[in-house]
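Asker: Numbering (the UniProt record's numbering), first residue to last: 1 to 758. Sharing a structure with you now.
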Amino acid sequence: MASLSEGEVTNRGSMWELDQNLDRPMDEEAGRLKNMYREKDVIGALSLIIYTLTLIPLLKYVFVVLRANDNGQGGTFALYSLLCRHAKINTIPNQHRTDEELTTYSRQTYEENSVAEKIKRWLEAHAYKRNILLILVLIGTCTAIGDGILTPAISVLSASGGIKVQNQNMSTDIVVLVAVVILIGLFSMQHYGTDKVGWLFAPIVLLWFILIGSVGAVNIHKYNNSVLKAYNPVYIYRFFRRRWNSDIWTSLGGVMLSITGTEALFADLCHFPVLAIQIAFTLIVFPCLLLAYTGQAAYIISHKKHVADAFYRSIPDAIYWPAFVIATAAAIVASQATISATYSIIKQALALGCFPRVKIVHTSKKFLGQIYIPDINWVLLVLCIAVTAGFKNQSQIGNAYGTAVVIVMLVTTFLMVPIMLLVWKSHWVLVVTFIVLSLMVEVPYFVACILKIDQGGWVSLVIATAFFLIMYVWHFCTVKRYEFEMHSKVSMAWILGLGPSLGLVRVPGIGFVYTELASGVPHIFSHFITNLPAIHSVVVFVCVKYLPVYTVPTEERFLVRRIGPKNFHMFRCVARYGYKDLHKRDEDFERMLFECVLFFVRLESMMEGGYSDSDEFSVPELAGTGGGALTSSAFLQGEKTCSTMCSNGELSLSSQDSIVPAQSPPPPRSSRLLTRCSEGEAASTVGDELEFLNRCKDAGVVHILGNTIVRARRDSGVVKKIAVDYMYAFMRRMCRENSVIFNVPHESLLNVGQIYYI
Numbered sequence: 001m002a003s004l005s006e007g008e009v010t011n012r013g014s015m016w017e018l019d020q021n022l023d024r025p026m027d028e029e030a031g032r033l034k035n036m037y038r039e040k041d042v043i044g045a046l047s048l049i050i051y052t053l054t055l056i057p058l059l060k061y062v063f064v065v066l067r068a069n070d071n072g073q074g075g076t077f078a079l080y081s082l083l084c085r086h087a088k089i090n091t092i093p094n095q096h097r098t099d100e101e102l103t104t105y106s107r108q109t110y111e112e113n114s115v116a117e118k119i120k121r122w123l124e125a126h127a128y129k130r131n132i133l134l135i136l137v138l139i140g141t142c143t144a145i146g147d148g149i150l151t152p153a154i155s156v157l158s159a160s161g162g163i164k165v166q167n168q169n170m171s172t173d174i175v176v177l178v179a180v181v182i183l184i185g186l187f188s189m190q191h192y193g194t195d196k197v198g199w200l201f202a203p204i205v206l207l208w209f210i211l212i213g214s215v216g217a218v219n220i221h222k223y224n225n226s227v228l229k230a231y232n233p234v235y236i237y238r239f240f241r242r243r244w245n246s247d248i249w250t251s252l253g254g255v256m257l258s259i260t261g262t263e264a265l266f267a268d269l270c271h272f273p274v275l276a277i278q279i280a281f282t283l284i285v286f287p288c289l290l291l292a293y294t295g296q297a298a299y300i301i302s303h304k305k306h307v308a309d310a311f312y313r314s315i316p317d318a319i320y321w322p323a324f325v326i327a328t329a330a331a332i333v334a335s336q337a338t339i340s341a342t343y344s345i346i347k348q349a350l351a352l353g354c355f356p357r358v359k360i361v362h363t364s365k366k367f368l369g370q371i372y373i374p375d376i377n378w379v380l381l382v383l384c385i386a387v388t389a390g391f392k393n394q395s396q397i398g399n400a401y402g403t404a405v406v407i408v409m410l411v412t413t414f415l416m417v418p419i420m421l422l423v424w425k426s427h428w429v430l431v432v433t434f435i436v437l438s439l440m441v442e443v444p445y446f447v448a449c450i451l452k453i454d455q456g457g458w459v460s461l462v463i464a465t466a467f468f469l470i471m472y473v474w475h476f477c478t479v480k481r482y483e484f485e486m487h488s489k490v491s492m493a494w495i496l497g498l499g500p501s502l503g504l505v506r507v508p509g510i511g512f513v514y515t516e517l518a519s520g521v522p523h524i525f526s527h528f529i530t531n532l533p534a535i536h537s538v539v540v541f542v543c544v545k546y547l548p549v550y551t552v553p554t555e556e557r558f559l560v561r562r563i564g565p566k567n568f569h570m571f572r573c574v575a576r577y578g579y580k581d582l583h584k585r586d587e588d589f590e591r592m593l594f595e596c597v598l599f600f601v602r603l604e605s606m607m608e609g610g611y612s613d614s615d616e617f618s619v620p621e622l623a624g625t626g627g628g629a630l631t632s633s634a635f636l637q638g639e640k641t642c643s644t645m646c647s648n649g650e651l652s653l654s655s656q657d658s659i660v661p662a663q664s665p666p667p668p669r670s671s672r673l674l675t676r677c678s679e680g681e682a683a684s685t686v687g688d689e690l691e692f693l694n695r696c697k698d699a700g701v702v703h704i705l706g707n708t709i710v711r712a713r714r715d716s717g718v719v720k721k722i723a724v725d726y727m728y729a730f731m732r733r734m735c736r737e738n739s740v741i742f743n744v745p746h747e748s749l750l751n752v753g754q755i756y757y758i
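Structure representation (structure tokens):
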């Protein structure tokens, strides 16, 4: 809700740029004509603002776009996640049909030859269509990140400008210095989170809207109530007809700032219910904004020389300084809203493989969505200070801000088309109506902002381009690395040919081998056993993967299966997360992995009719079970889940999830001692195997991670070599290691190096 105030916070007079070029000396008749046209222009601009607010924030976002949330999550990536669940457009093919059984994985079924089915097949037909959609999503995401930089800069600078209104001789540098100090304080407090002070945000924003609405009503009554004619849309037509050949695009660029903050309203959706936002916007925000802009128009008609700072000058002297304090507090709240939205966007991008690994701190135990990203926080601070101190005025920052906002709105409009067709199954007439009304408003504003690139609009484009290169290069290399690992999977025939000892000494202990593959044995394992003479008695391949859902319930998070015969003691555990989930601490995650394996062995023994090594089980929640012991209720729940799934045959992965034969790696060195560890003997009973697993855990746990280096092939082009060998390599060195992300203790970590040529 805090983002709802941005439009008024950042638009204190800048929308009236159309009047700034009319202050010239002239005779009495010319002055009379000028005043007449000025009044008509102000009323025309006000009418344009009124119906822009009605069409974009109210109708498009509040009543249409907010409904396209992903279980309460908003933003560009939330729309993309919805599409990924309803069509196979995810560029990283690590999903399996078992993922669709999640309770949070909602999707639609389509009738054959329906419009939705045809759109789905069209999107899935070619890879370039999926790439175009991804590029569109990244453009919207990167400009939204730029919005998170420009909003604090222009909001705080606008609020600080109130000091100079009462002290005309004050230097602009002092205003900028005050704004920089506020920005430093704002970003320095981010690591505390908003949980403790969040209760202040709603009263501040409510007080802010009551203030601007009341001041607007007073100004209408006090100065000129003829501005109410602006609610007649015919004045928009007269405004365009009168100014079409002059500075109409300059005027539109200023009017655009009246709807800034709308995109952050959708990105911050996770903090409030949709119905609450709809009620608050319709009953409080929208009427107060209309009163505020109408009151400013009435004041400007009567005070033609106060265009630049009409907001502060229209405030009665008796409440000026209290209003200044409220305005500054509202600017800080609006800035906090976009900063939080930026953190949320980056976490979603990271989960979907589109951003380098960064540290994410959850600042609240109650609300999972309240996060803090230290690296990004300081980058935002430096860029905010650079923009504020570099431009020193609202006009150029406003041009950059408007460019970022309108691009995000256009991306949202285009993404809503497949959402309405695939997810909502809307009639094509409604889809056409939505896109025509949206583009009819947004395209002219986009053209107006593009024409101001040389007046500050280039800033948002530079910021968006920089983040786009980072995200696209990282995603491209991630996909290529995954494809390389898929094609380099170890042949199951080779594994079986090694025997239960794998041709090595099986030493006591458990080895957790981390891999990005949800099926098959990764090439890193063959590389490991080819160069070392021993392997642990129990090997668990751990795949931590993110799905296009906002969260995966803990009781549905883990999938376990056995690899090979029982006496191999090899398992696979797939840990599934949503883009809002967080990894458990190492001791919890390690314990849960081990308990999942124990649970799997127990359920396996209870299977009627034997067990197939291709079956896979969803392990119920093990929270509250310590020391590898399971409560009876959890065990019975798991037994029911297991028997139901297997009896329905839903989780049989015999063909799709079996290990695909590939080029077998070279056999182990002949000098190795092909012995079998005494602890590696096949367990005759379930109790023996459970006891064997517990002894191995007591012997020690080692986490084996791949430290892969990605290089471009020699025959690659110059652009690819720069992207892979320099940009991606630099980001890999700068980002956090997997061992840090997984909280793996250094003393139990084993890195296995490899070089991939893509």
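For glycine and all other residues, C-beta sits at the position ideal for the given N, C-alpha and C.
Sort out for me which residues DSSP pairs Gln754 with in a bridge.
Answerer: Note: Gln754 sits in a beta bridge opposite Thr708.
Asker: With a CB to CB cut of under 8 Å and the five nearest residues on each side skipped, what residues in its chain are close to Ile154?
Answerer: Taken in chain order, the residues that qualify are Thr10, Gln394, Ile397, Gly398, Tyr401.
Asker: Between which residues of its own chain and Glu621 is the CB-CB distance below 6 Å, once the five residues before and five after are set aside?
Answerer: Residue placement at Glu621 is poorly supported in this model, since its pLDDT is 42, which falls under 50; the coordinates still yield a value, given next. Thr554, Glu555.
Asker: What separation, rounded to the nearest whole angstrom, lies between the Cα atoms of Tyr546 and Ala351?
Answerer: Each residue's alpha carbon lies about 6 Å from the other.
Asker: Could you tell me the alpha carbon to alpha carbon distance between residue 815 and Val473, rounded to whole angstroms?
Answerer: The requested residue 815 does not occur in the structure, where the chain is confined to residues 1 to 758.
Asker: In three-state terms, what does DSSP make of Thr260?
Answerer: Coil, per DSSP.
Asker: Report the residue from Arg576, Gly499, Leu48 whose alpha carbon sits nearest the alpha carbon of Lys229.
Answerer: Nearest of Arg576, Gly499, Leu48 to Lys229, Cα basis: Leu48.
Asker: Grouping DSSP H, G and I as helix and E and B as strand, with all else coil, what is Met570?
Answerer: If DSSP states are grouped into helix, strand and coil, Met570 belongs with the strands.
Asker: Within the continuous beta strand (DSSP E) that includes His536, where are the two ends?
Answerer: Its beta strand (DSSP E) spans residues 534-546.
Asker: Is it a yes or a no for the stretch 294-301 touching the stretch 208-222, going by three-plus beta-carbon pairs under 8 Å?
Answerer: Yes: at least three Cβ pairs fall under 8 Å.
Asker: Cβ of Ala349 within 8 Å of Cβ of Phe77?
Answerer: Against a cut-off of 8 Å, the Cβ pair of Phe77 and Ala349 comes out as a contact.
Asker: What residue range does the alpha helix (DSSP H) around Tyr293 cover?
Answerer: 286-302 is the extent of the alpha helix (DSSP H) around Tyr293.
Asker: Work out the CA separation of Arg481 and Gly354 for me, nearest whole Å.
Answerer: Strictly speaking, residue 354 in this sequence is Cys, with Gly absent from that position. So the alpha carbons of these two residues sit roughly 13 Å apart.
Asker: Give, in chain order, every unbroken run of the alpha helix (DSSP H) that is at least 4 residues long and sits entirely within the stretch 70-142.
Answerer: Listed in chain order, the complete alpha helix (DSSP H) runs (minimum 4 residues) inside the stretch 70-142 are 76-86, 115-125.
Asker: Return the CA-CA distance between Lys129 and Arg238, expressed in angstroms with no decimal places.
Answerer: One C-alpha to the other measures close to 43 Å.
Asker: Going by CA-CA distance only, name the one from Thr109, Leu283, Thr388, Ile709 that's closest to Phe484.
Answerer: It is Ile709.
Asker: If you follow the beta strand (DSSP E) that Thr515 is in, where does it begin and where does it stop?
Answerer: Segment 505-515, the beta strand (DSSP E) holding Thr515.
Asker: When we look at the beta-carbon of Pro203 and count the other beta-carbons within 10 Å, is it buried (16 or more) or exposed?
Answerer: It counts as exposed.
Asker: Just list the beta strand (DSSP E) runs in the stretch 40-75, keeping only unbroken ones of 3 residues or longer that don't cross its boundaries, in chain order.
Answerer: With a minimum length of 3 residues, no continuous beta strand (DSSP E) run stays inside the stretch 40-75.
Asker: Can Gly44 and Tyr320 be called in contact, C-beta distance under 8 Å?
Answerer: In this structure, Tyr320 does not lie closer than 8 Å to Gly44 by Cβ.
Asker: Which word fits Trp122, buried or exposed, when buried means at least 16 other C-beta atoms lie within 10 angstroms of its C-beta?
Answerer: Trp122 comes out exposed.
Asker: Give the secondary structure of Ala404 by DSSP, where H, G and I count as helix, E and B as strand, and everything else as coil.
Answerer: In the structure shown, Ala404 sits in a helix (DSSP, three-state: H, G or I).
Asker: Please confirm whether Thr262 and Pro444 have their CB atoms less than 8 Å apart.
Answerer: In this structure, Pro444 does not lie closer than 8 Å to Thr262 by Cβ.
Asker: If we count the other Cβ atoms within 10 Å of its Cβ and call it buried at 16 or more, is Thr413 buried or exposed?
Answerer: Thr413 should be labelled buried.
Asker: Can you tell which of Val408, Trp378, Ile463, Thr465 has the C-alpha that lies nearest to the C-alpha of Phe446?
Answerer: Closest by alpha carbon: Val408.
Asker: Ignore the nearest five residues each way along the sequence and tell me which others in His86's own chain have a CB closer than 8 Å to its CB.
Answerer: Taken in chain order, the residues that qualify are Arg107, Gln108, Lys120, Leu422, Val423.
Asker: Residues in its own chain within less than 6 Å of Thr342 by CB, not counting five upstream and five downstream?
Answerer: So the qualifying residues of the chain are Ile145, Gly148.
Asker: Considering Val718, what are the terminal residues of the alpha helix (DSSP H) in which it resides?
Answerer: Counting along the chain, the alpha helix (DSSP H) containing Val718 begins and ends at 718-721.
Asker: Can you tell me the Cα-Cα spacing of Val156 and Gly162, whole angstroms?
Answerer: One C-alpha to the other measures close to 10 Å.
Asker: Measuring straight from C-alpha to C-alpha, what distance separates Pro374 and Ser364?
Answerer: Cα to Cα, Pro374 sits roughly 15 Å from Ser364.
Asker: Is Ile326 helix, strand or coil when you go by DSSP?
Answerer: Of the three classes helix, strand and coil, the one that applies to Ile326 here is helix, per DSSP.
Asker: Rounded to whole angstroms, what's the CA-CA distance from Arg313 to Lys222? Just pull it up for me.
Answerer: Going from the Cα of Arg313 to the Cα of Lys222 covers about 14 Å.
Asker: Quick check on the DSSP output: what are the complete alpha helix (DSSP H) runs of length 4 or more inside the stretch 346-411, in order along the chain?
Answerer: Segments of the alpha helix (DSSP H) lying fully in the stretch 346-411: 374-391.
Asker: According to the Cβ coordinates, are Lys489 and His523 closer than 8 Å?
Answerer: Cβ atoms of Lys489 and His523: closer than 8 Å.
Asker: How would you label Asp70, buried or exposed, when you count the other beta carbons within 10 angstroms and need 16 or more for buried?
Answerer: Buried, since its Cβ has 16 or more Cβ neighbours within 10 Å.
Asker: Alpha carbon to alpha carbon, how far is Leu177 from Asn167?
Answerer: Answer to the nearest angstrom: the Cα atoms are 16 Å apart.
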